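Structure first, commentary second.
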Amino acid sequence: MKLSNKRRGMTLLVFAVFLILLISGCARRIPAGDSTSQIEQRKTIVVGLDETFVPMGFRAKNGQLSGFDIDLAKAVGKKIGLKMVFQPIDWDMKETELRNHTIDLIWNGYTETAERKQHVAFSLPYLTNQQIIAVTRASGVRTIADLKDKIIGAQTGSSAAQDIDRFPKLLKNRVKNHAPILYDSYNDAFIDLGANRIQGLVLDSVFGEYTIAHSADPKAYAIIKSGFPSEEFAVGMRKSDNQLRTKINRALRACAADGTITRLAKKWFGDAAVIAPTLEGLTTNSKSRQ
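If you read the sequence shown in the working numbering, its first letter stands for residue 76, the second for the next number, and so on.
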């Protein structure tokens with residue numbers, strides 16, 4: 076028997092309402108307010124990272140995630156009684172992933188900036204960092220002035236890209252098209268740098284120096300000071316997670332006081348000079364008490 080147009084319309088309406096209710100019921104609920112208690116109940120905390128960012132957090136040849144931030148996060152996790160679960164993400168989407176509760180922390184050489192502080196709460200800074208410009212010696216580029224009308228690169232969503240925009244007189248106004256080529260991965264950027272498709276790559280000193288030192292021919296590269304202000308790495312989290320922020324800050328202080336951060340800095344960077352001043356004082360105090 077044929078359905079009338081009216082009955083057919085009612086049937087479709089009922090089906091549509093049922094489908095919406097079904098989807099709503101299956102959707103993951105995003106906790107309101109401080110989610111620290113929910114995190115503690117599941118006993119795990121999800122850390123978002125770019126798995127190509129050596130030596131902070133990266134996928135090693137054996138397939139395991141490794142790096143300074145991986146080691147430090149695990150040490151902090153032990154002190155607060157939570158297992159750190161590491162989740163590789165699209166770095167350009169990190170704040171969105173945090174807001175949607177896909178991850179609980181951004182911890183991967185994450186620079187604290189005024190722009191990011193509008194949307195993200197930061198822990199105590201634990202490392203200092205500089206923006207540098209990696210070039211090849213074959214390119215003939217030796218100074219920022221040599222980059223006039225040259226092509227430069229940076230990672231999408233990085234503090235390097237933000238600094239290029241924030242301080243246009245230093246670099247942006249000099250280079251070709253007055254804008255960098257943006258890459259999802261610095262691995263791709265280094266390939267283009269080596270092939271002279273770009274003549275300069277703006278990036279974090281901890282990443283650039285480590286990558287060049289471990290490349291097949293470190294002498295093929297040179298480093299230029301960018302002139303951008305120094306930066307500090309910190310852990311990013313939701314502004315509503317006040318209890319979690321307190322716990323992580325307490326654990327970071329403890330890791331400074333017991334020598335964990337100094338040991339990890341020496342392991343990954345060769346010295347402890349990169350420790351942020353906020354925590355460096357604690358390492359000095361701890362040494363004087365021994």
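Even for Gly, the Cβ is constructed at its ideal location relative to N, Cα and C. Small disclaimer: the values here were computed from a predicted structure and weren't measured.
Anticipated Cβ contact below 8 Å, residue i with residue j, distance rounded
{"i": "I155", "j": "A209", "result": "Their Cβ separation, rounded to whole angstroms, is 36 Å, which puts I155 and A209 out of contact at 8 Å."}
{"i": "G283", "j": "I219", "result": "Not a contact, Cβ separation roughly 15 Å."}
{"i": "T150", "j": "C330", "result": "Sequence inspection shows Ala at residue 150; the Thr mentioned does not correspond to that position. Right, their Cβ atoms sit about 5 Å apart."}
{"i": "L246", "j": "S301", "result": "7 Å"}
{"i": "N317", "j": "D167", "result": "About 27 Å separates the two Cβ atoms, so there is no contact after all."}
{"i": "F433", "j": "F303", "result": "As displayed, the chain neither begins before 76 nor continues past 365, which places residue 433 out of reach and without an answer."}
{"i": "Y296", "j": "R212", "result": "7 Å"}
{"i": "V277", "j": "P255", "result": "7 Å"}
Cutoff 6 Å; reference residue i; Cβ partners in own chain excluding five residues on either side
{"i": "S99", "result": "With a pLDDT of 44 at S99, under the threshold of 50, the predicted position of this residue should be treated as unreliable, and no value is reported."}
{"i": "V121", "result": "V160, Q162, I178, D179"}
{"i": "N236", "result": "It is worth fixing the name first, because residue 236 is Ala in this sequence and not Asn. Within the same chain, A236 has close Cβ partners A229."}
{"i": "I145", "result": "G132"}
{"i": "N183", "result": "L124, D125, F128, M131, G132, D144"}
{"i": "P352", "result": "none"}
{"i": "K314", "result": "A196"}
{"i": "R103", "result": "A caution first: R103 carries a pLDDT of 46, below 50, which makes its placement in the model too unreliable to give a value."}
{"i": "K322", "result": "I155"}
{"i": "K169", "result": "G123, I181"}
{"i": "K192", "result": "none"}
Per DSSP, cross-strand counterpart(s) of residue i
{"i": "F197", "result": "G311"}
{"i": "R134", "result": "L140"}
{"i": "L124", "result": "P163"}
{"i": "K158", "result": "T119"}
{"i": "I350", "result": "L202"}
Neighbourhood of residue i by C-beta distance below 8 Å, restricted to the same chain and skipping five residues each side
{"i": "I350", "result": "Y201, L202, T203, A331, I336, T337, A340, T358"}
{"i": "D259", "result": "D165, W166, D167, Q230, T231"}
{"i": "D240", "result": "K247"}
{"i": "R272", "result": "I226"}
{"i": "G215", "result": "D221"}
{"i": "Q205", "result": "D279, S280, K300, S301, F303, S305, E306"}
7 Å CB neighbourhood of residue i in its chain, flanking five on each side removed
{"i": "L319", "result": "T111, I114, M312"}
{"i": "K136", "result": "none"}
{"i": "E187", "result": "F197, P200, E307, A309"}
{"i": "A326", "result": "V151, K154, I155"}
Min CB distance residue i to chain B below 8 Å
{"i": "K342", "result": "In the structure shown, chain B cannot be found, because there is only a single protein chain."}
Any chance the segment 156 to 167 sits against the segment 196 to 209, with 3 or more Cβ pairs inside 8 Å?
The answer is no - the segment 196 to 209 does not touch the segment 156 to 167, with fewer than three Cβ pairs under 8 Å.
Which parts of the segment 252 to 316 are runs of the beta strand (DSSP E), unbroken and 3 residues or longer, counting only runs that do not cross its ends?
256 to 258, 275 to 279, 296 to 300, 306 to 308
Can we say the segment 213 to 233 touches the segment 259 to 279, given the rule of at least three CB pairs closer than 8 Å?
yes
Kindly provide the ranges of any alpha helix (DSSP H) runs that are 4 or more residues long and lie completely inside the segment 167 to 248, ordered along the chain.
169 to 174, 189 to 192, 234 to 241
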